[in-house]
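Heads up: the structure comes next, in structure tokens.
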Amino acid sequence: MKDLLYKQSLKMARIFTVMTLFIALTGLQTFASSHAEAPLISMDRFADNTDTYAFRSLEPGREGFVTLIANYIPLQDPSGGPQYYRFNDTVLYEIKIDNTGDGLEDIVYQFQFSTRTLNGNTVLGMSTVNEDAVISSLTDIDYNMPQTYSVTRIDTRSGRRGMVLGGGFIVPPSNIGPRVTPNYEQNLGQPAVYNLPNGGKVFAGQRDEYFYIDVGSVFDGLNLNSIGANGGIDTTQGYNVSSIAIEVPIQELTRSRQIPASSTAPDAVVGVWATASRRSVTVINADGTRGSQGAWRQISRLGNPLVNEVVIPLRLKDAFNSLSPVNDAVAAPFVLDPELSRLMSFVFGITVPPAPRNDLVAIFATGIPENSITGPGYTTFLSDGQPHEYLRLNVAIPITPIANQNRLGLLGGDIAGFPNGRRPFDDVTDIGLRALAGGTPFTPATNMAPNNTLGDGVSANPEGPLLTRFPYLRTPNQGNQPRSSNQQLSETKRDTGNLPVVGTDGLFK
Ligand SMILES: [Ca+2]
Ligand SMILES: [Ca+2]
Ligand SMILES: [Ca+2]
């Protein structure tokens, strides 16, 4: 099957003209995850997917549920007022599930937003002095531009228009600061968690950017500050992101509409990705107001971290953002022979596995079949034989409690973590670097140091651990303080300009 896949993929590759595989590193905008990774979406931040997460709910008593999180609007400076950040009312935000392996969504959760302005005469924006300038609840009239949203579920039963699960849910204001938004989590964060008729929950609003990575060193020609567990700088420290989180019963996602009998049952794995779409026509009126009309067009997409950033070539990144997983065969050649692993070979002087990289295809595009390496009972396989890039969550694999999670997921022996879905805690940067370098048991010939010890030196979210309750992502950083990452930058090496070198002992010098 894999050889067939490879041949088909090569055939598809010829449909696109042969491209220059060696892109200057500076042409890539952001490494893991997906913060402004493609040229067009980097100029449309409010529709930009940054990370997608899918995991069995970690809150005690919620074992029968799955939590899906789609993050948008990257690198929000918490002090970016007076408009601050909210979802874009003209964007359709969606979380999609394929439970049959054909790359087509079977279930869709749609989120559509609407913003009101209470007082248009203020010079401020999201908040103003309508009463006492303190937003002490979601319905406080000092929340001057309250945003609400509806949630619609579409499946084969509800038809194309779907079923509205709820509406009028309030998005909390951004975390402006201790005077305007005091006791943020208690007053505004937790009250914005709403119950759904299916027994699940939903939340949409600003959160701490939990995704941690030393992006600066990666794009400085892989000039990593550290390849150990520590010593890197979390570039996203102190920044926020806008999260849509929904918790749904397991049986609402599976092909059988039941809880799978075991982790190897045919209905145990579901595929998850998130998208953003805009209507095809935008009209700018003479008075500066804007309208949009026409069909929805997908302009952003995110399943697995890493893929559009470091696997898809620059000239196809925008197209990839518009692609459905059903058509992913066109992208498979770049997974089978990724540029970045060759670059790592060049920069680090390491041997990487030769193409075709069927190990990477399994992780990202077909799922991992049950095998002797991962042992009985473990599989993320969900595919009709074609590559479809999205997260694959086996909903029958037991939960690892937050306190016992291993950041390296499967590579660290924690089978509940990436690439079985993705939890916020999972260190997908280190996992991805090691996978690309062939430092995993799937490629035994290269599963040695330093290939299997690579990392960016950032091993946790510096703001602290996850919340122990839905929506798990932490309270957003507040605007009236210096960003912590600003304080660190001057204290660390940034100016050597030297690429790391691997010595004969296999260690970096
Ligand atoms: Ca399907
Ligand atoms: Ca953070
Ligand atoms: Ca890391």
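So for the sequence shown, this note's numbering puts the first residue at -14; every next one is plus one. We put the CB at the ideal spot given by N, CA and C, even for glycine.
Residue range of the unbroken beta strand (DSSP E) whose run includes D498 = Summary: the structure shown does not reach residue 498, with the chain confined to residues -14 through 494, and so no result is reported for it.
Which of helix, strand or coil does DSSP assign to Y169?
-> helix
Beta-carbon proximity list for D91, same chain, < 8 Å, skipping 5 on both sides | I82, D83, N84, T85, D140, T141, R240
Near ligand 2: N446 beta-carbon under 8 Å from a heavy atom = yes
Consider the C-beta atom of E170 and the heavy atoms of ligand 2; say whether any pair is separated by less than 8 Å.
-> no
N343 classed as buried or exposed, judged by whether at least 16 other C-beta atoms fall within 10 angstroms = buried
Simplified DSSP state of S27, which is helix, strand or coil = helix
Counting only the same chain and skipping the five closest in sequence on each side, list residues whose C-beta sits under 6 Å from that of P461.
-> N160, Q191, R192, D193, N225
Among the residues of its own chain, which have a CB less than 7 Å from the CB of D234, if the five just before and after it don't count?
-> The displayed chain sequence assigns Pro, not Asp, to residue 234. The residues are G49, F50, N183, G184, G185.
Considering A420, what are the terminal residues of the beta strand (DSSP E) in which it resides?
-> That residue, A420, is in no beta strand (DSSP E); its alpha helix (DSSP H) goes 413 to 421.
Could you tell me the boundaries of the beta strand (DSSP E) in which W379 lies?
-> The sequence given here places Asn at residue 379; Trp does not occur at that position. Segment 376 to 379, the beta strand (DSSP E) holding N379.
Can you give me the start and stop residues for the alpha helix (DSSP H) that R300 sits inside?
-> 299 to 307
Could you pull out every residue in the same chain whose Cβ sits closer than 7 Å to the Cβ of P383, ignoring the five residues on either side in sequence?
-> A401
Is it true that the stretch 373 to 389 meets the stretch 247 to 260, where meeting means three or more beta-carbon pairs spaced less than 8 Å apart?
-> yes
Three-state secondary structure assigned by DSSP to V332 = helix
Grab the span of the beta strand (DSSP E) containing L321 for me, first residue to last.
-> From DSSP, L321 is part of no beta strand (DSSP E) but of the alpha helix (DSSP H) over 317 to 321.
Can you find at least 3 beta carbon pairs, one from the stretch 326 to 342 and one from the stretch 433 to 444, that sit closer than 8 Å?
-> yes
Looking at C-alpha atoms only, which residue of A214, L103, L452 is the closest neighbour of G442?
-> A214
Going by DSSP, what residues sit across from I229 in a beta bridge?
-> A55, A189
Between the stretch 101 to 110 and the stretch 147 to 163, are three or more C-beta pairs nearer than 8 Å?
-> no
Skipping 5 residues on each side, what residues in its chain have a beta carbon closer than 6 Å to that of P447?
-> D219, Q222
Compute the beta-carbon to beta-carbon distance between I58 and F31, rounded to the nearest angstrom, for a pair I have assumed lies under 8 Å.
-> 6 Å
Whole angstroms is fine: what's the gap from I229's alpha carbon to T75's?
-> 16 Å
Near I212, which residues of its chain fall below 8 Å by C-beta distance, leaving aside the five closest residues on each side in sequence?
-> P435, T438, L439, G440, D441, G442, P485, F493
Taking contact to mean at least 3 C-beta pairs separated by less than 8 Å, is the stretch 389 to 406 in contact with the stretch 39 to 46?
-> yes
Looking at G217 and ligand 3, is the gap between the Cβ and the nearest heavy atom below 8 Å?
-> yes
Since D36 is in the beta strand (DSSP E), which residue starts that stretch and which ends it?
-> 34 to 41
Short check: CB of T52 to CB of Y457, under 9 Å?
-> yes
Short Cβ contact (9 Å threshold) for G147 with V187 = no
At which residues does the beta strand (DSSP E) containing G152 begin and terminate?
-> 148 to 156
With C-beta atoms as the reference, is S262 less than 9 Å away from Q278?
-> no
Reduced DSSP secondary structure (H/G/I, E/B, other) of N389 = helix
Local conformation of N180 per DSSP, three classes | strand
Taking only the alpha-carbon atoms, compute the straight-line gap between L418 and E232 and give it to the nearest angstrom.
-> 30 Å
Closest by CA to P63, which one among P163, L452, N391, Q371?
-> P163
Closer than 5 Å is what we want: which residues have a beta carbon that near any heavy atom of ligand 1? List them in chain order.
-> D83, T85, D87, L89, D91
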